[in-house]
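Protein chains in written order, with full-length UniProt numbering: chain L, 1 to 462; chain H, 1 to 462. Each remark here refers to the structure printed beneath this line.
Number of protein chains: 2
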Amino acid sequence: MQEIKEYLEQHKQRFIDELIDLLKIPSVSADSAFSQDVLDTADAVKTALETAGCDAVEICETAGYPIVYAEKIIDPNLPTVLVYGHYDVQPPDPTDLWNSPPFEPVIKPTELHPEGAIFARGASDDKGQMYMHIKAVEFMIKTGQLPCNVKFMIEGEEEVGSKNLATYVSEHHEKLANDIILISDTGMIANDVPSITTGLRGLSYVEVEVTGPNRDLHSGLYGGAVANPINILAKMIASLHDENNHITIPGFYDRVEELSEEERAEMAKAPFDLEAYKNSLGIEAVYGEKGYSTNERNSIRPTLDVNGIWGGYTGEGAKTVIASKAYAKISMRLVPHQDWQEITELFKTHFERIAPQGVRVKVTPHHGGQGYVTPIDTIGYQAASKAYETTFGKKPVPQRGGGSIPIVALFEQELKSKTILMGFGLDSNAIHSPNEHFAVWNYLKGIETIPYFYQYFSEMYS
Amino acid sequence: MQEIKEYLEQHKQRFIDELIDLLKIPSVSADSAFSQDVLDTADAVKTALETAGCDAVEICETAGYPIVYAEKIIDPNLPTVLVYGHYDVQPPDPTDLWNSPPFEPVIKPTELHPEGAIFARGASDDKGQMYMHIKAVEFMIKTGQLPCNVKFMIEGEEEVGSKNLATYVSEHHEKLANDIILISDTGMIANDVPSITTGLRGLSYVEVEVTGPNRDLHSGLYGGAVANPINILAKMIASLHDENNHITIPGFYDRVEELSEEERAEMAKAPFDLEAYKNSLGIEAVYGEKGYSTNERNSIRPTLDVNGIWGGYTGEGAKTVIASKAYAKISMRLVPHQDWQEITELFKTHFERIAPQGVRVKVTPHHGGQGYVTPIDTIGYQAASKAYETTFGKKPVPQRGGGSIPIVALFEQELKSKTILMGFGLDSNAIHSPNEHFAVWNYLKGIETIPYFYQYFSEMYS
Chain L
1 MQEIKEYLEQ HKQRFIDELI DLLKIPSVSA DSAFSQDVLD TADAVKTALE
51 TAGCDAVEIC ETAGYPIVYA EKIIDPNLPT VLVYGHYDVQ PPDPTDLWNS
101 PPFEPVIKPT ELHPEGAIFA RGASDDKGQM YMHIKAVEFM IKTGQLPCNV
151 KFMIEGEEEV GSKNLATYVS EHHEKLANDI ILISDTGMIA NDVPSITTGL
201 RGLSYVEVEV TGPNRDLHSG LYGGAVANPI NILAKMIASL HDENNHITIP
251 GFYDRVEELS EEERAEMAKA PFDLEAYKNS LGIEAVYGEK GYSTNERNSI
301 RPTLDVNGIW GGYTGEGAKT VIASKAYAKI SMRLVPHQDW QEITELFKTH
351 FERIAPQGVR VKVTPHHGGQ GYVTPIDTIG YQAASKAYET TFGKKPVPQR
401 GGGSIPIVAL FEQELKSKTI LMGFGLDSNA IHSPNEHFAV WNYLKGIETI
451 PYFYQYFSEM YS
Chain H
1 MQEIKEYLEQ HKQRFIDELI DLLKIPSVSA DSAFSQDVLD TADAVKTALE
51 TAGCDAVEIC ETAGYPIVYA EKIIDPNLPT VLVYGHYDVQ PPDPTDLWNS
101 PPFEPVIKPT ELHPEGAIFA RGASDDKGQM YMHIKAVEFM IKTGQLPCNV
151 KFMIEGEEEV GSKNLATYVS EHHEKLANDI ILISDTGMIA NDVPSITTGL
201 RGLSYVEVEV TGPNRDLHSG LYGGAVANPI NILAKMIASL HDENNHITIP
251 GFYDRVEELS EEERAEMAKA PFDLEAYKNS LGIEAVYGEK GYSTNERNSI
301 RPTLDVNGIW GGYTGEGAKT VIASKAYAKI SMRLVPHQDW QEITELFKTH
351 FERIAPQGVR VKVTPHHGGQ GYVTPIDTIG YQAASKAYET TFGKKPVPQR
401 GGGSIPIVAL FEQELKSKTI LMGFGLDSNA IHSPNEHFAV WNYLKGIETI
451 PYFYQYFSEM YS
């Protein structure tokens, strides 16, 4: 498959331009103000799949944003790869921290990527990584080298919990039937340390509301005499971790998989520079659960983070008010075997229980998903490993990731197939943050590597 | 002074209309978007003082919003009353909880005020109460019954800490020379339980900023491994009270005046219905410092309340982010002898000290002021008491208030005179809250009562 390099050389400017066009559409699924843009993005993805040479391309309506489906069936006797990705993106807030507008993509060199990176919301998560697959398939179809069947399922609600994908998947077992699922929505350790994500954390995301008095009050007249919902919310949140940063929700750790000393020792071999990590984040010290390393804390251990908090007067100047209500968005990252629905229930029960008299508490589950672990002795993993080795010149490291793609566990349950997470992003890509970017080198390296996965997987499968 | 009742009957519609016009101008001093409106309000107050018959009316420029000064000197040998009030108002947020727009005043009956109350931001605090004085003086001037000299000093920065009034006062000792200061910016226990506020709490208002990583992070990739500024802020706020709701800042209580058992027993005689209090606030239980009653908690005890908190994603839906920064506005109500600048310093030192490694903390003092206690054996208090007794038919109860008018302590220090707090509002007026209002009855009762204060004070003084 030598000509992939030539094909890339010939078409790379077009590949970049096409991605930039896609990044210009603000497909923010969490904010209904952008709903038309999300729909326009689905149309753009449909067109891109048609142009790449796919058949049966369709916009599949759901109760929310549509799923774009496409396929290229060359022989029912050959194996089938199902590619999953998402065309929606995270909200760009806080927009004032972006160095260029989030939906006006620009290519700029960075210290890590002197050859340039594309800066835009969704550049890495997941428009850029999803689009690599469309371009890789374009190459295989146009050059007559597609060695197996391929199906695409690109959704528009990943950033809001894949609300309607589960229904779609459960209703289309036959249409989506496959031998392996391929996703690029994760990262690698570094460009010279390729890695494959073998585990993902689950997620439970809830919103809490604490109500005290039935109206905002003057803090002079009522201060000290009634429960202040913000003080109470702070106290309740603080109590969710103990002095060792263990989570205090009863039953939270009951199903947590404890790794053996051998497994932890194996994990500890992955290259990690704590000083560089702290420097890149501008922090003097890391912080987390006692008894675990930084890499363990953000991969094999469950966590609880407040993702947003608000209440009272937050404008300019001062207002001496006791707010009637205070709110927080709280997410818990879960590890394999923790059930997200059970954890959501445990959280709700506990949070309601610890509310003092004088306030009322409402817990609203937003969404969630199970964690996932993929074994490395499957042909899916082996094919991916060999593909990276071919194009990076190095065997990739298996790595447990801290993020969540809740749908992966569901795929296995519904479609009975394993997922391979071939990520080409880096932690430094600032996904979910201002100045998200994706290096041009990584984008093109992804397009180059993916066809080898198809080749090796088809060879090993037969 | 029988004709005050007649004068009121004759002019009450005009008095109401004039106040409504004043309430239409959104003089929100905390928000620079309203700066022209604040200036327009100063002009309106100037015109009102001129119309009432005052002399030497002027707009006195300061580094911030101007002070409106006026006087009526009838005889240098007679005593002089200095009236203080403010024409700026609190921000109206949250505006969606108002039943009518905050700057479109309407008169509506309420359960407590079947004869109607004026609903608007500033109706009670302090435009309505300040305007009573202008109308009372109008009556005394127009009917030739002003028994002493009067000076007005109406400022536009009370709701943002009277930033520039201190300078003005210190530079105009002679101009502002007086024998008693009169302020209506507090409340009474009830319309059938008139009371005079004899103490006010001091205030220290600060803003805190907690910074963790140098950018917003993806909670999947970093969750559990770095200090989350919102979780940390919650923990730090929670730690500011112990399990008995005592404030934990070292030295905070050192200067707190402890009342004797006799004084507390005397205070406890004031009529107070805990069930009605809880019902009016929609709460099942009161909450506060162990060992003190509700009335003690919000008058003779210092407090610490979070007035606003914000950080991370607060929009629609979910975003799995670890914010770089979290913020809170925190105010402490202080009791006499606590020095607000010392308390601010104690807070700052403590808050910085308790920040864990991995975050940086910035504490910005907003403003503050000293508490105040006025003795009841002065002719000022006695004149006010007799005035209420004349128009309410009942001797008023001396009452310690929970709010703060920081400038009162400064007046005593700079001008060497005592302040009498003749408030005609009620706690239920929802000042600083949505649906602030001031009953028409109370507004007119204030105008009726004030001239008697001038009469009795002048008589007792000679």
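Note that the Cβ used here is the ideal one computed from N, Cα and C, for glycine as well. None of these values were measured; they are calculated from a predicted model.
Beta-carbon proximity list for residue i, same chain, < 7 Å, skipping 5 on both sides
i	result
residue 211/L	229, 324, 325, 359, 360
residue 245/L	288, 289, 290
residue 461/H	79, 179, 379
residue 394/H	194
residue 99/L	435
residue 251/H	346
residue 320/L	218, 219, 220
Beta carbon proximity, residue i to chain H, threshold 9 Å
i	result
residue 372/L	no
residue 137/L	no
residue 86/L	no
residue 404/L	yes
residue 201/L	yes
Any chain L beta carbon closer than 9 Å to residue i
i	result
residue 356/H	yes
residue 431/H	yes
residue 314/H	yes
residue 286/H	yes
residue 303/H	yes
residue 53/H	no
residue 29/H	yes
residue 216/H	yes
residue 401/H	yes
Per-residue DSSP class, three states only, for residue i
i	result
residue 313/L	coil
residue 55/H	strand
residue 382/L	helix
residue 159/H	helix
residue 343/L	helix
residue 197/L	strand
residue 298/H	coil
residue 30/L	coil
residue 280/H	helix
residue 388/L	helix
residue 84/L	strand
Same chain only: Cβ atoms within 6 Å of residue i, ignoring 5 sequence neighbours per side
i	result
residue 452/L	387, 390
residue 442/L	424
residue 432/L	90
residue 70/L	49, 54, 57, 152
residue 365/H	206, 344
residue 64/L	157, 163, 164
According to DSSP, residues forming a beta bridge with residue i
i	result
residue 419/H	181/H
residue 207/L	329/L, 364/L
residue 117/L	108/L, 439/L
residue 60/L	67/L
residue 72/H	150/H
Sequence-distant residues of its chain with Cβ nearer than 8 Å to residue i (five each side left out)
i	result
residue 104/H	24, 120
residue 30/H	90, 91, 159, 160
residue 138/H	51, 52, 53
residue 417/L	82, 178, 179, 180, 181, 411
residue 306/L	237, 328, 329, 330
Distance CB(residue i)-CB(residue j) smaller than 9 Å
i	j	result
residue 182/H	residue 97/H	no
residue 446/L	residue 408/L	no
residue 240/H	residue 232/H	no
residue 420/H	residue 374/H	yes
residue 237/H	residue 238/L	yes
residue 280/H	residue 187/H	no
residue 276/H	residue 189/H	no
residue 303/L	residue 333/L	yes
residue 44/H	residue 87/H	yes
Residues, ordered as in the chain, of the segment 219-230 of chain H that lie near chain C by beta-carbon distance below 7 Å
This model lacks chain C altogether; the protein chains it does include are L and H.
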